[in-house]
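> Pasting in a structure now, in structure tokens, and then I'll have a few things to ask.
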Ligand code: ADP
Ligand code: MG
């Protein structure tokens with residue numbers, strides 16, 4: 011799907027949240043005067059000695075045009091600053107020496123594998139012998155009279171050369187003088203080659219336009235873009251480099267936050283939503299009929315949502331809450347607010363199993379209320395499906411549960427006012443983008459509530475969802491007790507099974523989660539079946555076991571879930587299929603095999619399946635952590651119960667890149683910033699971006715042309731950021 015494109019299906023225009031309502035035309039074009047030098051866009055082949063083959067190889071490093079070279083930062087520098095004269099060299103000390111060649115000879119040693127090239131070199135303070143190991147070709151290459159830069163150390167009567175450079179044959183001193191950049195390379199694109207290219211494009215650095223507003227730069231004492239990029243490659247001092255890096259990290263986070271906040275501001279200016287009335291009788295009687303009182307946090311979030319719904323601006327709200335904190339009630343509240351105004355609502359879950367669970371809880375919790383609900387299952391026969399689609403299109407259904415098929419397959423609603431997305435983090439980013447479903451003819455955009463049960467650190471939330479309003483449920487319902495969590499050594503396995511049997515005998519239920527098998531779902535399914543058979547024949551003989559895994563046909567999955575929910579099945583042997591959303595309050599033990607192979611967020615989700623009722627619950631972690639990271643993860647699980655605290659730990663342990671694994675690809679590509687490390691810079695960038703975007707015309711002002719330009723360049727193809 012291209013930006014700005016709209017698909018029309020069944021009379022329903024589906025516009026993308028990230029693109030539809032935000033038209034690029036709202037921003038004036040960038041004035042030519044402040045563009046970056048056009049040479050930045052020239053291909054690498056304009057460099058001497060770079061042909062198509064080399065350019066192709068450079069492509070693998072993400073280097074296509076000269077501009078890419080400028081922003082291909084080194085990952086470290088070698089310190090070649092200690093320049094010495096031959097007469098000043100101290101024994102054993104590493105130094106760089108400039109000298110000229112007197113004579114050269116190849117020397118064989120007694121060891122066949124060791125060849126030496128010896129050269130007598132001199133400067134104005136004296137002579138010395140320089141030695142290279144196993145670089146025979148140098149005997150040919152080095153000519154008397156030639157100037158060299160030598161890096162190495164002096165000892166045992168000779169200077170052992172680690173790096174050398176022949177001056178006058180290339181760029182002088184590139185590889186052995188000052189702080190020398192070390193770049194990510196490939197076999198064909200060597201570091202020396204890259205340094206050569208960088209030296210060529212160095213004059214362009216000085217011409218780089220600065221996207222940061224000058225007053226901001228002055229206020230924060232940031233070096234200019236030109237100086238910063240230069241210092242990233244060729245710093246004069248370590249402090250020079252650190253300042254440059256700080257500036258560029260700030261810039262990166264600032265651009266991202268400006269983009270997200272600008273998008274939020276544009277959302278806020280929209281008036282094409284559905285303005286709902288105040289809380290009505292239906293919602294009130296739903297709340298009254300609940301077997302519990304809403305927690306303070308639940309109440310607060312409901313009123314935040316209610317205020318959004320009563321505005322003509324389409325809601326774009328993220329609800330963050332820990333596992334088991336009670337998001338479902340909030341979701342129902344939001345949807346009932348639509349239904350009581352005669353509008354429709356959709357509830358989307360990432361998997362069919364979860365969507366169905368939601369449908370069952372809708373049935374249970376809305377029983378007796380005048381609301382018509384439906385489940386758009388993928389199992390419906392063609393005729394059934396058509397009938398249901400007709401009912402949705404004609405308004406005979408108030409609330410529809412389903413997977414993202416609800417928006418992807420062009421389901422047409424007569425008056426959709428609310429979309430709730432559960433377990434937001436399981437949806438691909440593009441699907442999150444797809445949420446502004448706009449009925450044809452410029453009709454209203456529905457209110458969207460994104461819910462995530464994986465608490466994410468604030469820094470990450472700002473980065474991923476910085477364009478959304480945020481509500482948080484921090485407290486769990488009263489009476490919840492911490493789930494006792496232990497790592498169980500293999501030696502205590504039998505005791506663990508005894509413990510579980512006692513729980514089962516007391517009427518509780520148990521999950522057994524099998525190891526993660528990445529190779530294939532079929533193998534995983536077989537592992538589940540095998541483990542269930544083994545347990546049935548041994549530890550749990552005489553108990554009622556069931557299996558649930560991704561390879562089962564949907565009807566069987568549903569049956570297994572129902573049997574477990576109703577207590578017929580006592581032990582459910584399963585996979586991470588049950589990771590999200592499943593709610594069986596009677597289950598009190600979560601046993602996880604090879605827990606060391608799961609991520610922290612995933613473990614926390616799994617643990618969240620128990621401790622949902624009044625029974626004291628337990629999480630038993632098996633597996634032998636082999637890495638430091640895994641050890642820290644399991645220790646964190648034992649000590650921390652709070653998902654928000656765990657999320658911060660996870661970020662510290664793993665860094666954001668791996669935090670969510672593949673399924674959370676929504677993270678914008680940050681080149682220099684590291685969320686775990688740069689939280690303070692992020693907070694600063696957020697503040698400054700907020701001030702800038704919030705004032706006057708925001709990003710639309712002519713003085714921000716460059717800033718807009720750079721945001722487009724950096725995040726432009728990332729449709730997820732929408733238009734700026
Ligand atoms: P999650 O946030 O993980 O989706 P759920 O909405 O499934 O959590 O709620 C977890 C359990 O807590 C459910 O059994 C639900 O009925 C119950 N619950 C929700 N809110 C409250 C409350 N205020 N008091 C007591 N129990 C509650
Ligand atoms: Mg839930």
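Numbering (my numbering), first residue to last: 11 to 734.
Virtual Cβ for every residue (Gly too), placed ideally from N, Cα, C.
(1) Write down the C-beta distance between residue 315 and residue 459 rounded to the nearest angstrom, noting that I regard them as a contact closer than 8 angstroms.
(2) In or out: residue 718 buried (at least 16 other Cβ within 10 Å) or exposed?
(3) State yes or no: is the C-beta of residue 593 nearer than 7 angstroms to some heavy atom of the ligand ADP?
(4) Starting from the Cα of residue 114, find the closest Cα among 138, 534, 691 and 253 and give me that residue.
(5) Near residue 52, what residues of its chain come up, given a Cβ to Cβ distance below 8 angstroms and the 5 sequence neighbours on each side ignored?
(6) What span of residues does the beta strand (DSSP E) with residue 164 cover, start to end?
(7) Would you check whether the ligand ADP has a heavy atom nearer than 7 angstroms to the C-beta of residue 487?
(8) What residue range does the beta strand (DSSP E) around residue 86 cover?
(9) If you check the beta carbons only, do residue 165 and residue 101 fall under 8 angstroms apart?
(10) Which same chain residues, not among the five before or five after residue 451, have their C-beta less than 7 angstroms away from its C-beta?
(11) Determine contact between the segment 275 to 286 and the segment 355 to 373, defined as no fewer than three beta-carbon pairs at a distance below 8 angstroms.
(12) For residue 619, count the other beta carbons within 10 Å of its own beta carbon; 16 or more makes it buried, fewer makes it exposed. Which is it?
(13) So is residue 306 buried or exposed if we call it buried at 16+ other beta carbons inside 10 Å?
(14) Kindly give me the distance between the Cβ atoms of residue 559 and residue 597, rounded to whole angstroms, as I take these residues to be in contact under 8 angstroms.
(15) Does the beta-carbon of residue 143 have 16 or more other beta-carbons within 10 angstroms, so that it is buried, or is it exposed?
(16) Would the beta-carbon of residue 133 fall within 8 angstroms of that of residue 176?
(17) Just checking residue 492 against the ligand ADP - is the residue's beta carbon closer than 7 angstroms to any of the ligand's heavy atoms?
(18) Are three or more beta carbon pairs between the segment 329 to 340 and the segment 379 to 398 nearer than 8 angstroms?
(19) Is the CB of residue 153 under 8 angstroms away from at least one CB in chain E?
(20) With respect to the alpha helix (DSSP H) encompassing residue 313, which residues constitute its N-terminal and C-terminal limits?
(21) Tell me the start and end of each unbroken beta strand (DSSP E) in the segment 532 to 575 that is at least 3 residues and wholly inside, in chain order.
(22) Measure the C-alpha to C-alpha separation of residue 235 and residue 243 and round it to an integer number of angstroms.
(23) When you compare the CB positions of residue 90 and residue 247, do they come within less than 8 angstroms of one another, or not?
(24) Taking residue 426 as part of the alpha helix (DSSP H), name the residues at either end of that continuous run.
(25) Around the Cβ of residue 606, are there at least 16 other Cβ atoms within 10 angstroms (buried) or fewer (exposed)?
(26) Please list, in chain order, all residues of the same chain as residue 159 whose beta carbon is under 7 angstroms from its beta carbon, the five residues on each side excluded.
(27) For residue 339, is the beta carbon positioned less than 7 angstroms from some heavy atom of the ligand ADP?
(28) Using a threshold of 8 angstroms, state whether the C-beta atoms of residue 660 and residue 692 are closer than that.
(29) Decide if residue 388 is buried, meaning its Cβ has at least 16 other Cβ atoms within 10 Å, or exposed.
From the atom records:
(1) Here residue 315 refers to the residue found at position 305 when the chain shown is read from its first residue. Here residue 459 refers to the residue found at position 449 when the chain shown is read from its first residue. Between residue 459 and residue 315 the Cβ distance is about 7 angstroms, and since that is below 8 angstroms, they are a contact.
(2) Position 708 of the chain shown, counted from the first residue, corresponds to residue 718. Counting Cβ neighbours within 10 Å, residue 718 comes out buried, since at least 16 surround it.
(3) As a working note, residue 593 is residue 583 in the chain shown. It does: the Cβ of residue 593 is within 7 angstroms (strictly closer) of some heavy atom of the ligand ADP.
(4) On the chain shown, position 104 is the one that residue 114 refers to. Residue 114 has its Cα closest to that of 138, out of 138, 534, 691 and 253.
(5) As a working note, residue 52 is residue 42 in the chain shown. The answer, listed in chain order, is 75 and 76.
(6) One-based indexing of the chain shown puts residue 164 at position 154. Unbroken beta strand (DSSP E) run through residue 164: 157 to 165.
(7) For the purposes of this step, residue 487 is taken as residue 477 along the chain shown, with counting starting at 1. For the ligand ADP, at least one heavy atom lies less than 7 angstroms from the Cβ of residue 487.
(8) Sequence index remark: in the chain shown, residue 86 carries index 76 (1-based). From DSSP, the beta strand (DSSP E) with residue 86 extends over 86 to 90.
(9) Indexing the chain shown from 1 puts residue 165 at position 155. Indexing the chain shown from 1 puts residue 101 at position 91. Their beta carbons are under 8 angstroms apart, which means residue 165 touches residue 101 by this criterion.
(10) For this step, residue 451 is matched to residue 441 along the chain shown. Residue placement at residue 451 is poorly supported in this model, since its pLDDT is 40, which falls under 50; the coordinates still yield a value, given next. There are no such residues.
(11) no
(12) In the chain shown, counting from the first residue as 1, residue 619 sits at position 609. The residue is buried, with at least 16 neighbouring Cβ atoms inside 10 Å.
(13) Mapped onto the chain shown, residue 306 falls at position 296. Under this definition residue 306 is an exposed residue.
(14) As a position in the chain shown, residue 559 is number 549, starting the count at 1. As a position in the chain shown, residue 597 is number 587, starting the count at 1. The pair is not a contact, with the Cβ atoms about 17 angstroms apart (cut-off 8 angstroms).
(15) The count along the chain shown starts at 1 and reaches residue 143 at position 133. Classification of residue 143: exposed, given that the 10 Å Cβ count is below 16.
(16) Mapped onto the chain shown, residue 133 falls at position 123. Mapped onto the chain shown, residue 176 falls at position 166. Cβ atoms of residue 133 and residue 176: not closer than 8 angstroms.
(17) Residue numbering aside, residue 492 sits at position 482 when the chain shown is read from its first letter. Answer for residue 492: no, Cβ out of range of the ligand ADP.
(18) no
(19) Given the protein chain composition of this structure (a single chain), no chain E is represented.
(20) The residue you call residue 313 lines up with position 303 of the chain shown. Run containing residue 313: 306 to 319, per the alpha helix (DSSP H) assignment.
(21) 555 to 558
(22) Locating residue 235 in the chain shown gives position 225, counting from the first residue. Locating residue 243 in the chain shown gives position 233, counting from the first residue. Distance between the alpha carbons of residue 235 and residue 243 is about 13 angstroms.
(23) Stepping through the chain shown from its first residue, residue 90 is reached at position 80. Stepping through the chain shown from its first residue, residue 247 is reached at position 237. Contact: no.
(24) Counted from its first residue, the chain shown places residue 426 at position 416. Premise fails: residue 426 lies in the beta strand (DSSP E), 426 to 431, not in any alpha helix (DSSP H).
(25) Residue mapping note: residue 606 aligns to position 596 of the chain shown, counting from 1. Counting Cβ neighbours within 10 Å, residue 606 comes out buried, since at least 16 surround it.
(26) Translated into the one-based positions of the chain shown, residue 159 becomes position 149. Here the set comprises 106, 108, 174, 175, 177, 183, 186 and 187.
(27) In the chain shown, the residue the question calls residue 339 occupies position 329. Residue 339: yes, Cβ under 7 angstroms from the ligand ADP.
(28) Translated into the one-based positions of the chain shown, residue 660 becomes position 650. Translated into the one-based positions of the chain shown, residue 692 becomes position 682. No, the Cβ-Cβ distance between residue 660 and residue 692 is not below 8 angstroms.
(29) By 1-based counting over the chain shown, the position of residue 388 is 378. Exposed, because fewer than 16 other Cβ atoms sit within 10 Å of the Cβ of residue 388.
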